[in-house]
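Asker: Here's a structure for you.
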Amino acid sequence: MNLTVIILAGGQSRRFWPLEEKNLFDFFGIPLIIYQLKRYSFFLKQKSIRPSFIVVANESNYGTIKNKLKDFPVKEHSLVMQKLPDQSGAILSALEEADLTGPLLVVNGNDIITEKVLYDLLKKTEGNDIVLSAAKVESYIPGGYLVLGQSKDKVERIWEKPPAEEVPRHIDLFRFVLDYFKDAEGLKTALTRNPDEVVGYEDAINSMLKDNRAGYVLNFDKFASLKYPWHILEAMEIFLNNIKDSVVKTEDIDPSARIVGKVYIEEGVKIGSFAKISGPCYIGRNTVIGDHVLVRDSHIASDCIVGAHSEVARSYLGHKVLLHRNYVGDSVLDRECSLGANTVTANWRFDQEPVKSMVGQTPTDTKRTKLGAIIGRQARIGVGVNIMPGVKIEKKSLVMPGTTVYKDLTNHDRK
Amino acid sequence: MNLTVIILAGGQSRRFWPLEEKNLFDFFGIPLIIYQLKRYSFFLKQKSIRPSFIVVANESNYGTIKNKLKDFPVKEHSLVMQKLPDQSGAILSALEEADLTGPLLVVNGNDIITEKVLYDLLKKTEGNDIVLSAAKVESYIPGGYLVLGQSKDKVERIWEKPPAEEVPRHIDLFRFVLDYFKDAEGLKTALTRNPDEVVGYEDAINSMLKDNRAGYVLNFDKFASLKYPWHILEAMEIFLNNIKDSVVKTEDIDPSARIVGKVYIEEGVKIGSFAKISGPCYIGRNTVIGDHVLVRDSHIASDCIVGAHSEVARSYLGHKVLLHRNYVGDSVLDRECSLGANTVTANWRFDQEPVKSMVGQTPTDTKRTKLGAIIGRQARIGVGVNIMPGVKIEKKSLVMPGTTVYKDLTNHDRK
Amino acid sequence: MNLTVIILAGGQSRRFWPLEEKNLFDFFGIPLIIYQLKRYSFFLKQKSIRPSFIVVANESNYGTIKNKLKDFPVKEHSLVMQKLPDQSGAILSALEEADLTGPLLVVNGNDIITEKVLYDLLKKTEGNDIVLSAAKVESYIPGGYLVLGQSKDKVERIWEKPPAEEVPRHIDLFRFVLDYFKDAEGLKTALTRNPDEVVGYEDAINSMLKDNRAGYVLNFDKFASLKYPWHILEAMEIFLNNIKDSVVKTEDIDPSARIVGKVYIEEGVKIGSFAKISGPCYIGRNTVIGDHVLVRDSHIASDCIVGAHSEVARSYLGHKVLLHRNYVGDSVLDRECSLGANTVTANWRFDQEPVKSMVGQTPTDTKRTKLGAIIGRQARIGVGVNIMPGVKIEKKSLVMPGTTVYKDLTNHDRK
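For the protein sequence lines, the chains are A, B and C, in the order given.
Positions in the first sequence are counted from 1; adding 542 to them yields my numbering.
Positions in the second sequence are counted from 1; adding 542 to them yields my numbering.
Positions in the third sequence are counted from 1; adding 542 to them yields my numbering.
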């Protein structure tokens with residue numbers, strides 16, 4: 543079976559501060575958007591499906607994605623720039639560019655799913671013209687919900703952004719964008735039926751639901767959607783759990799080092815004496831894991847130095863991060879950050895309540911009882927700094943030694 | 543031989559702040575009072591003596607001790623509540639309750655002795671009606687002293703609380719309560735000869751000394767009397783040195799871990815990579831000793847997590863204490879305390895003088911050149927905190943990250 | 543061949559603060575001046591030269607050097623006190639004392655050279671009456687330069703302390719004192735030709751150059767001249783690289799410890815579990831390297847305790863230094879210093895520029911991008927202290943716990 547996959551990569555990364563452009567965040571040495579292409583390609587081919595991809599970029603990331611696609615070639619893909627606003631505009635940009643017919647999958651480039659929900663969706667394509675996706679939620683969260691018909695295995699409509707007080711208890715299928723359409727042309731028609739503007743994506747689907755059999759698939763697996771910067775940790779967790787067999791491409795490992803669990807260790811990595819790597823972990827090319835270091839459940843990109851006596855737990859480190867005697871827990875350190883000796887991230891509150899973090903001016907519940915720091919690229923943190931849970935530090939910040947950081951740091955603050 | 547042992551457990555724990563009820567402080571997974579019962583029972587049976595115990599509790603600890611005696615059954619014991627004031631009142635409560643005859647041993651539940659002094663005392667029971675106990679002291683300390691008769695092997699009287707300036711040099715036998723009486727009835731008579739109030743314990747003994755042969759035993763071993771909270775460390779040291787053969791009840795020990803010296807490691811304990819346990823040490827049920835951790839000469843109770851890169855030296859940790867990258871030296875951490883990453887206890891002064899610690903409003907010489915912190919139960923200390931030698935922290939305190947704590951912290955201070 | 547070697551040890555150590563008397567700084571358990579005697583003796587004997595040494599001391603170090611020469615006997619030496627001012631006065635004091643004839647080598651006791659430049663110089667003695675020494679410099683530094691004759695293999699004159707703007711590009715041979723004279727008497731004549739005062743050393747050489755063939759030798763090896771206190775690290779590096787074969791004189795090494803590279807470990811040293819010594823390293827008698835410690839490229843003198851979880855990198859530790867959980871990088875700790883738990887030396891700047899350090903009132907470029915702290919003897923640093931790059935701390939200072947030290951500390955500051 544042929545299948546066209548539209549990958550939406552045109553969203554903004556505003557709420558992602560102090561991290562940047564989420565589509566290009568590196569995982570396993572590869573920018574996320576490329577990694578997603580490779581994952582979907584691999585998963586679909588496992589089921590004997592021949593996919594072709596259309597990535598929809600926005601004005602600001604189009605050039606970089608184009609270059610990255612040269613660095614990391616992916617078969618059967620095209621890249622289009624989003625010409626019309628909103629999600630429906632993005633999809634229409636893709637549909638018009640390619641003049642598509644036949645089966646179509648629309649996915650969000652920043653949503654990370656497991657193969658299981660994809661395979662479950664593929665099963666549901668038999669006997670349905672449309673298959674939508676949802677996760678059961680225990681309490682109301684803002685977004686769209688699936689409303690089922692009487693038979694309970696068919697979707698009647700999408701209820702987009704209902705006010706909390708109007709949602710009855712049994713409406714608990716929170717929709718995410720992993721949408722199958724038997725016929726791409728039908729979607730195009732629905733999106734363009736209004737001559738003045740592109741029809742909203744959910745409205746278009748709702749109009750199609752009247753004449754089409756629409757099934758749905760429920761996701762019970764871990765699911766990450768990169769909206770806030772701490773979601774990097776959730777994406778990382780899914781990716782790390784995908785390591786099925788350990789791969790170790792270096793021989794520069796001290797005989798006293800301990801490696802347990804599933805790990806993916808790239809070429810040129812050096813692992814010191816009495817170091818412990820407790821999988822699942824990814825360690826990128828030429829990274830040095832120093833003596834007496836402990837790394838667990840973490841993603842450490844290329845050319846990092848994790849200096850002696852450090853501990854990195856459940857954290858994401860970008861390219862060329864420098865650590866030394868640090869505790870980095872449940873934290874995201876973007877590329878080229880450095881932390882002075884004895885600097886630590888506090889990662890839980892005295893009261894063990896979920897950590898709050900500011901998004902703009904709004905204290906936001908991260909829903910994580912363990913969350914450390916989010917540090918933008920090229921920030922330099924001095925020695926002996928204590929960073930409180932959920933604190934975010936702007937890229938290129940300098941943080942004075944011996945300080946305790948309670949609030950988000952923007953470069954403006956430092957002046 | 544049958545022997546009744548009265549264990550006095552009715553004392554107050556006022557000077558014990560920020561720790562609580564010293565009779566119920568856990569050692570080796572067992573509350574002290576129970577542990578003492580078991581120790582005396584074991585020691586006496588080794589010498590073919592059949593002991594029966596009477597524990598004298600006070601109003602506030604009676605209920606708990608009763609419950610603990612159900613949890614940890616001890617043969618041949620009874621528990622009485624102290625009905626009359628003072629030590630003599632406590633002893634009389636026991637004597638009247640049981641209407642005792644025959645040989646009697648009176649001991650203080652908070653004094654920790656070695657078996658050697660007990661066995662030496664038993665030897666002295668031959669040819670004596672009374673045997674008292676003392677330790678030689680090099681300089682005056684407040685308390686009671688034994689005054690010997692001309693023969694030097696008999697006690698003439700107890701000199702209770704003499705003023706320092708009146709004590710001649712040769713009066714150096716400091717008395718502690720480990721008293722043997724051949725006939726319990728004689729003691730009862732002496733305590734009750736005054737119709738209006740109970741005779742003081744030392745006065746009663748002094749009156750008996752006129753008509754009875756009284757020997758004494760000298761203790762040259764370590765001896766701990768739980769008066770101030772740092773005495774927990776002295777008790778611990780005696781108990782740890784009692785571990786004659788290593789016992790390891792867990793198999794969850796990383797092959798790289800090192801265990802040296804005498805240790806008692808309970809079931810469910812997990813010991814990480816490159817961890818070192820340097821005995822004598824006790825490690826309680828289900829406690830986790832993390833990677834790169836060093837524990838030496840310490841008592842760590844059950845369900846603790848001693849997180850990676852910590853060092854615990856000559857310290858007592860209660861149940862469910864959480865550490866992470868800490869140095870805890872010569873310190874007492876009561877149950878459910880937590881210390882943030884990089885928090886350390888300073889445990890000696892720049893001038894290497896004995897550490898002083900406040901008792902009420904009085905700076906008190908602890909006679910220890912090494913003493914860390916005493917932390918009450920459920921206190922939570924942030925990351926990067928430096929706690930100065932001899933500092934005490936009240937239970938349930940919260941200590942802000944990155945601070946240096948010079949003085950005792952009461953919860954009142956924090957407001 | 544016989545060779546008299548004058549070793550100049552009469553210089554002041556003013557710019558060496560907070561360290562003291564550089565000639566007596568210990569390396570490998572031996573005061574520098576003795577170590578230099580032994581090195582020159584060994585190097586020269588390798589080339590079948592029979593050296594005799596004249597050490598020129600000043601008033602303040604004469605007595606101590608005399609005593610040290612008793613403790614560490616060196617064959618064929620004499621010690622003279624400098625009677626006349628300046629370098630030329632020092633040399634003349636030696637020449638007059640011994641009434642020397644024959645070949646003479648004049649060296650500076652605080653300059654540390656490798657044997658290679660010495661051997662190169664010896665080769666040049668054939669066909670030359672004088673051989674001077676220099677190193678090529680890339681940019682102007684204050685001092686003396688060799689001006690070559692037309693043949694380029696002969697020295698025309700020494701240009702002493704030329705102003706920077708007058709030095710042409712091709713004048714780049716920076717002179718250091720490793721001077722050979724075929725005839726000691728010629729030098730004596732040149733130094734004493736002025737009846738009123740001793741002729742300056744460079745002037746005397748310049749006058750000799752008119753009638754003598756003068757070659758020169760170029761040093762391309764590492765070279766250290768103990769002018770500023772951080773130069774100890776450069777001297778150390780040369781000495782450590784001289785360890786050709788590992789020597790380990792202790793057996794008290796935990797089986798889990800790792801020793802890699804070239805090391806010289808003295809008697810009585812104790813090395814703990816999971817410790818790593820990464821050579822080149824020297825570890826002095828009876829020093830204890832604790833558990834989980836990392837030592838690399840460092841000199842640690844006798845009777846030190848490098849407590850658990852410390853890291854010592856590229857640093858010099860004097861006799862009886864106490865560490866515990868420290869990071870000491872690119873630092874010099876004079877004897878009997880102690881650092882509290884978690885105290886660290888920051889050793890590079892955020893901007894990765896060379897570290898500046900104050901010399902008197904002058905910020906001085908140390909030309910090192912990595913430089914930690916210089917700590918005078920018997921200073922006691924509390925727990926949790928952060929010491930900034932290039933900071934110097936006066937002997938016997940007390941540094942309060944939890945502080946961040948940005949500027950040099952003199953004892954006066956502390957009042």
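Cβ atoms here follow ideal geometry from the backbone N, Cα and C, with glycine treated the same way.
Sorted by chain position, which residues of the same chain lie with C-beta nearer than 7 Å to LEU663 of chain B's C-beta, five sequence neighbours on each side aside?
Answerer: Cβ neighbours of LEU663 of chain B beyond the five flanking positions: VAL673, SER675, LEU720, TYR722 and VAL759.
Asker: Which residues mark the beginning and the end of the alpha helix (DSSP H) in which TYR577 of chain A is found?
Answerer: That run of the alpha helix (DSSP H) goes 574-588.
Asker: Given that ALA888 of chain B touches chain C, what residues does it touch there, using C-beta distances under 8 Å?
Answerer: Those within 8 Å of ALA888 of chain B in chain C are GLY882, ALA883, GLY924, VAL925 and PRO943.
Asker: Report the residue ranges of all alpha helix (DSSP H) runs contained in full by the stretch 611-689 of chain C; include only those spanning at least 4 residues, in chain order.
Answerer: As far as the stretch 611-689 of chain C is concerned, its whole alpha helix (DSSP H) runs of at least 4 residues are 628-640 and 657-666.
Asker: Using three-state DSSP, classify LEU864 of chain B as helix, strand or coil.
Answerer: Strand at LEU864 of chain B.
Asker: Using DSSP with H/G/I as helix, E/B as strand and the rest coil, what is ALA732 of chain C?
Answerer: Helix, per DSSP.
Asker: With ASN544 of chain A as the anchor, note down where its beta strand (DSSP E) starts and where it stops.
Answerer: First-last of the beta strand (DSSP E) with ASN544 of chain A: 544-551.
Asker: When the Cβ atoms of the stretch 814-827 of chain A are set against those of the stretch 782-797 of chain A, are three or more pairs found closer than 8 Å?
Answerer: Output reads yes: the stretch 782-797 of chain A touches the stretch 814-827 of chain A.
Asker: Looking at the structure shown, is PHE558 of chain C part of a helix, part of a strand, or coil, going by DSSP?
Answerer: The answer is helix: DSSP assigns PHE558 of chain C an H, G or I state.
Asker: Quick one: what does DSSP say TYR770 of chain B is sitting in, helix, strand or coil?
Answerer: The answer is coil: DSSP assigns TYR770 of chain B none of H, G, I, E or B.
Asker: Residues in the stretch 806-832 of chain C with C-beta within 7 Å of chain A's C-beta atoms, listed in sequence order?
Answerer: Hits within the stretch, in order: PHE816 and LYS818.
Asker: Quick one: residues in its chain with C-beta nearer than 8 Å to the C-beta of SER844 of chain B, no 5 flanking neighbours on either side, listed in chain order?
Answerer: For SER844 of chain B, where only same-chain residues beyond five positions count, the Cβ hits under 8 Å are GLY571, GLU808, GLY826, ARG827, ASN828, THR829, HIS861 and LYS862.
Asker: Assess, as a yes-or-no matter, whether the stretch 870-887 of chain C is touched by the stretch 908-915 of chain C under the definition of 3 or more beta carbon pairs within less than 8 Å.
Answerer: Counting Cβ pairs under 8 Å, three or more are found: they touch.
Asker: Here's the rule I'm using: 16 or more other beta-carbon atoms within 10 Å means buried, otherwise exposed. How should GLN554 of chain B be labelled?
Answerer: By the neighbour-count rule (16 or more Cβ atoms within 10 Å), GLN554 of chain B is not buried but exposed.
Asker: In chain order, what residues of the same chain have a beta carbon less than 8 Å from the beta carbon of LYS617 of chain B, not counting five sequence neighbours either side?
Answerer: Same-chain partners within the cutoff: SER583.
Asker: Apply the 10 Å Cβ neighbour rule to GLY669 of chain C and answer buried if 16 or more other Cβ atoms are within range, or exposed otherwise.
Answerer: Exposed, by the Cβ-count rule.
Asker: What residue does the alpha helix (DSSP H) around SER594 of chain B start on, and which one ends it?
Answerer: Unbroken run through SER594 of chain B is the beta strand (DSSP E), 592-599; no alpha helix (DSSP H).
Asker: Which of the three DSSP states is assigned to MET750 of chain A in this structure?
Answerer: In the structure shown, MET750 of chain A sits in a helix (DSSP, three-state: H, G or I).
Asker: Quick check: is the beta carbon of ARG867 of chain A nearer than 8 Å to any beta carbon in chain C?
Answerer: Closer than 8 Å to some Cβ of chain C, the Cβ of ARG867 of chain A qualifies, so yes.
Asker: Do ARG867 of chain B and SER857 of chain B have their C-beta atoms closer together than 8 Å?
Answerer: Contact: no.
Asker: Which residues of chain C have a Cβ atom closer than 7 Å to the Cβ of ALA850 of chain A, listed in chain order?
Answerer: Near ALA850 of chain A (Cβ distances below 7 Å), the residues of chain C are LEU836 and GLU853.
Asker: Which same chain residues, not among the five before or five after ASP907 of chain B, have their C-beta less than 7 Å away from its C-beta?
Answerer: Around ASP907 of chain B: PRO896 and LYS898.
Asker: How would you label SER620 of chain C, buried or exposed, when you count the other beta carbons within 10 angstroms and need 16 or more for buried?
Answerer: With fewer than 16 other Cβ atoms within 10 Å, it is exposed.
Asker: Within 10 Å of its beta-carbon, does PHE718 of chain A have 16 or more other beta-carbons around it, so buried, or fewer, so exposed?
Answerer: Result: buried.
Asker: Should ARG919 of chain C go down as buried or exposed, given a rule of 16 or more other Cβ atoms within 10 Å for buried?
Answerer: Burial call: buried.
Asker: Which same chain residues end up closer than 7 Å to ASP568 of chain C when comparing Cβ atoms and leaving out the 5 residues on each side of it in sequence?
Answerer: Answer for ASP568 of chain C: ALA843, GLY860 and HIS861, listed in chain order.
Asker: So, does the CB of ARG856 of chain C fall closer than 8 Å to a CB anywhere in chain A?
Answerer: ARG856 of chain C does not count as touching chain A.
Asker: In chain order, what residues of the stretch 896-915 of chain B put their CB closer than 9 Å to some CB of chain C?
Answerer: Hits within the stretch: zero.
Asker: Taking 6 Å as the limit between beta carbons, can you name the residues of its chain near GLU601 of chain C, skipping five residues before and five after?
Answerer: Contacts found: none.
Asker: So for MET942 of chain C, helix, strand or coil by DSSP?
Answerer: Coil at MET942 of chain C, not helix or strand.
Asker: Under 7 Å Cβ-Cβ, which residues of chain A neighbour MET543 of chain C?
Answerer: Within chain A, no residue comes near MET543 of chain C; the closest Cβ sits about 49 Å away, beyond 7 Å.
Asker: Could you confirm whether any beta carbon from chain F is found closer than 8 Å to the beta carbon of LEU775 of chain A?
Answerer: Checking the listed chains, one finds no chain F in this structure; the protein chains it contains are A, B and C.
Asker: Tell me, please, which residues DSSP counts as bridged to LEU859 of chain C.
Answerer: LEU859 of chain C is bridged to C:ILE842 and C:LEU875.
Asker: Of all Cβ atoms in chain C, is any one closer than 8 Å to the Cβ of ASP955 of chain B?
Answerer: Here ASP955 of chain B scores only 48 on pLDDT, less than 50, and its place in the model should not be relied on; the value that follows carries that caveat. Cβ-Cβ to chain C under 8 Å: no for ASP955 of chain B.
Asker: Identify whether MET900 of chain C lies in helix, strand or coil by the three-state DSSP scheme.
Answerer: If DSSP states are grouped into helix, strand and coil, MET900 of chain C belongs with the strands.
Asker: Going along chain C, which residues have a C-beta under 8 Å from SER940 of chain A?
Answerer: The identity of residue 940 of chain A in the sequence shown is Leu, whereas the question assumes Ser. Result: PHE892.
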